[in-house]
Every structure is written in structure tokens, then in C-alpha cells.
Amino acid sequence: MSALDLSGGVVVVTGAASGIGRATALAFARRGAALALVDRDADGLADTAADARALGVSVTEHVLDVADAEAVAALPEAVLADHGRVTVLVNAAGVALAGRFEELSMDEIRWLFEINVFGLIGLTKAFLPALTASGGQVANVSSLFGIIAPAEQTAYAASKFAVRGFSESLRHELEGTGVGVTVIHPGGVATAISRNARVAAGAVDPEAASKQALRFERVFLTTPAETVGEAIAGAVARRQPRLIVASGARAGTWLQRLMPVRYWRVLGRGYRRFARR
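For the sequence shown, position 259 (counting from the first letter as 1) is numbered 258 according to numbering that gives the first Met the number 0, and the numbering increases by one without interruption.
As C-alpha cells, this is what we get:
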């Protein structure tokens with residue numbers, strides 16, 4: 000499959016108000032792509048749009064929740080009316096849920112899956128006809144926790160493994176159609192996802208869980224989102240099937256390959272030391 004020329008293309012980015020989504024949108028803008036930005040945070044979306052327009056590209060803003068199936072189904076028509084075509088879909092919207100499995104309610108797990116999994120799948124399905132017409136690319140943001148599954152990440156890891164499996168299977172299905180699929184596994188990225196994580200309603204000590212999330216952010220989430228955004232835009236342009244990026248991602252991936260069953264014996268020691276700080 001030949002490389003993708005992003006200059007003059009049209010890129011749809013979800014989760015574009017902040018974090019990896021925002022950084023990725025601006026990386027595509029620097030490459031000359033028009034943007035259709037999607038997020039439920041209207042103010043953050045407007046900030047990203049203003050920064051992208053300052054780079055000289057056309058931008059539209061679409062305020063919606065990716066868990067709203069009706070809004071997702073209607074989005075391609077609005078984007079095509081504004082831009083005429085779609086070259087790339089970047090599914091970067093996502094949330095986190097903190098707590099041990101026995102502390103999580105089924106409603107909380109469903110909430111996370113509606114955004115991280117079903118929202119992503121729904122957007123991909125909605126935009127696939129337009130991407131097929133343009134010979135474009137789907138880019139789905141999974142996580143390092145779509146490769147390894149730490150303790151106390153049952154719901155989040157399950158959702159990110161689902162993104163990985165969906166993306167890999169879809170890539171195989173789309174061979175020969177001109178549409179490529181990239182799955183992204185970021186490690187520790189300096190975003191607010193850990194700080195903003197929903198704490199399980201059944202958590203024994205919610206305040207301690209929130210403090211631990213802040214410590215995790217300070218110690219492990221160190222790679223600038225801009226670095227990851229640039230890497231994603233480059234991987235999409237190359238039609239790279241898989242991108243492993245940011246602090247800890249490559250080490251965690253290699254450890255899982257070397258010790259596919261027992262990797263947590265090594266990682267868990269460091270995690271437990273961190274949790275006691």
C-alpha cells in the first residue's frame with residue numbers, strides 16, 4: 000500500500016479537545032490536512048480549532064459524545080457536506096476507570112466500553128464508506144494496556160485489548176480495498192487521563208485512589224502529547240499497521256514478549272513500590 004499524502008487531505012479526529020487527540024490534530028494540520036474535530040468539550044474543541052486555523056488549514060468543529068450512537072451515525076454526512084471527502088479517521092477519544100474489579104459496578108464498566116470500544120467501532124463503521132471512496136486510513140488509539148494488563152486495570156485493559164483486536168481483524172478484512180488500519184499503543188503520555196479517571200463508586204478509599212492517580216501521572220506519564228501526535232501522523236502517512244510510542248511502551252511490550260505469562264511478576268514489584276509512596 001502506497002504512502003498517504005496528507006497535504007490537502009481531510010482528517011477526522013475524536014477526542015480533539017485535549018491530550019493525544021488535540022496533539023494529533025495539530026500534527027496533521029502542520030502537514031497541511033483539513034480537520035473535522037470531534038469532542039464533547041466545546042471550549043477545548045474551540046481552542047484546538049483556533050490553533051489549527053492559525054496553521055492555515057480549514058477546520059470544522061463537531062460537538063458530540065462518541066457514546067451517542069445517533070449523533071455518530073449522522074456525523075459523516077455533516078463532515079462530507081463541509082469537506083467533500085474524508086482521508087483519515089483518528090479515534091482518540093477515551094476515558095479511564097480506576098478501581099479493583101470487585102469495586103467496579105457493571106454500569107461503570109458499560110460506561111467505559113460505550114466510549115472506548117463501541118464509540119470507536121461506531122465511528123469506524125460510519126466513516127468506512129467515505130474512507131473506502133478515498134482509499135484512506137483508520138487510526139485507532141489503544142494503549143500499552145492493550146498489550147499488557149496490569150492489576151487494577153481490568154475494565155480499561157479489557158477495553159484497550161478490544162480496540163487492538165478490532166483494529167487487527169479489520170486491517171485483515173480490508174486488505175485489497177485501499178483502506179489501511181493503524182493501531183496505536185501509547186505508553187506514559189503527559190495527559191490528564193489518569194487525573195480525570197472515574198474512581199469506582201465501590202472503592203474502599205476513593206480519596207486514596209484519586210491521590211494514587213495523581214502520583215501515577217507525575218511519575219509515569221512523562222512523554223509530551225505533542226511527541227505522540229507527531230508519531231501518529233507520521234505512522235498514518237506511512238500506513239504503518241502498528242505504532243508503539245511513549246515512555247515505557249517498548250520496554251513493556253518486549254517484557255510481555257519475553258515473559259507472556261509472568262511479566263507482571265516484574266512489573267508488579269515496581270507498581271507495588273509506587274503504590275506505597
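Even glycine gets a Cβ: it sits at the ideal position worked out from N, Cα and C.
Only a predicted model underlies this, so the values are computations on that prediction, with no experimental measurement involved.
Next item on the list: Quick one: residues in its chain with C-beta nearer than 8 Å to the C-beta of Ala51, no 5 flanking neighbours on either side, listed in chain order?
Entry: To locate residue 51, count along the sequence shown from 1; it is residue 52. Around Ala51: Ala24, Leu25, Ala28, Leu34, Leu36 and Val58.
Check: Is it true that the CB of Ala234 sits closer than 8 Å to the CB of Thr181?
Finding: Translated into positions along the sequence shown, residue 181 becomes position 182. Translated into positions along the sequence shown, residue 234 becomes position 235. Result yes, Cβ atoms of Thr181 and Ala234 sit closer than 8 Å.
Checklist line | Per-residue burial, Ser17 [other beta carbons within 10 Å of its own, 16 or more giving buried] | finding: Translated into positions along the sequence shown, residue 17 becomes position 18. It counts as buried.
Checklist line | Neighbour-count burial assignment, Glu216, 16 or more Cβ in a 10 Å radius | finding: What you label residue 216 is simply residue 217 of the sequence shown in a count that begins at 1. For Glu216, the predicted structure reports a pLDDT of 43, less than 50, and the residue's modelled location is therefore unreliable. The matter cannot be settled from this model.
Checklist line | Distance, Ser166 Cα to Gly135 Cα | finding: Here residue 135 corresponds to residue number 136 of the sequence shown, with the count starting at 1. Here residue 166 corresponds to residue number 167 of the sequence shown, with the count starting at 1. Those two C-alpha atoms are separated by around 15 Å.
Next item on the list: Report yes if the CB atom of His184 is closer than 8 Å to the CB atom of Gly228, and no otherwise.
Entry: Taking the first residue of the sequence shown as 1, we reach residue 184 at position 185. Taking the first residue of the sequence shown as 1, we reach residue 228 at position 229. No, Cβ-Cβ distance for His184 and Gly228 is not below 8 Å.
Checklist line | Whole beta strand (DSSP E) elements within the region 229-269, 3-residue minimum | finding: 241-244
Notebook entry, point to check: When the Cα atoms are used, what is the spatial distance from Tyr262 to Gly14?
Noted result: Taking the first residue of the sequence shown as position 1, residue 262 is located at position 263. Taking the first residue of the sequence shown as position 1, residue 14 is located at position 15. If you take the alpha carbons of Tyr262 and Gly14, they lie about 31 Å apart.
Check: Is it true that the CB of Ala199 sits closer than 8 Å to the CB of Gly98?
Finding: As a first step, residue 98 is located in the sequence shown; it is residue number 99 there, counting from the start. As a first step, residue 199 is located in the sequence shown; it is residue number 200 there, counting from the start. Yes.
Checklist line | Distance between beta carbons of Leu74 and Glu60, contact taken as under 8 Å | finding: The residue labelled residue 60 in the question sits at position 61 within the sequence shown. The residue labelled residue 74 in the question sits at position 75 within the sequence shown. The Cβ separation is near 12 Å, so there is no contact.
Item checked: Pairwise C-alpha distance: Gly186 and Phe126 -> One-based indexing of the sequence shown puts residue 126 at position 127. One-based indexing of the sequence shown puts residue 186 at position 187. Near 27 Å, if we compare the C-alpha coordinates of Gly186 and Phe126.
Check: Of the residues Ala232, Ala148, Gly179 and Leu5, which one's Cα is nearest the Cα of Phe100?
Finding: Counting from one through the sequence shown, the residue named residue 100 turns up at place 101. Among Ala232, Ala148, Gly179 and Leu5, the Cα nearest to that of Phe100 is on Ala148.
Note to self: Among the candidates Trp253, Gly8 and Arg264, whose CA atom is the shortest distance from the CA of Leu79?
What the structure shows: Sequence index remark: in the sequence shown, residue 79 carries index 80 (1-based). It is Gly8 whose Cα lies nearest to the Cα of Leu79.
Check: For the candidate residues Ala150, Thr131 and Ala154, whose alpha-carbon lies nearest to that of Glu172?
Finding: Position 173 of the sequence shown holds residue 172. Here the closest residue by C-alpha is Thr131.
Note to self: Could you give the first and the last residue of the continuous beta strand (DSSP E) run that contains Val87?
What the structure shows: Indexing the sequence shown from 1 puts residue 87 at position 88. Run containing Val87: Val87 to Asn90, per the beta strand (DSSP E) assignment.
Check: Are Val87 and Val10 close, meaning C-beta to C-beta below 8 Å?
Finding: Stepping through the sequence shown from its first residue, residue 87 is reached at position 88. Stepping through the sequence shown from its first residue, residue 10 is reached at position 11. Yes, these two residues count as a Cβ contact at 8 Å.
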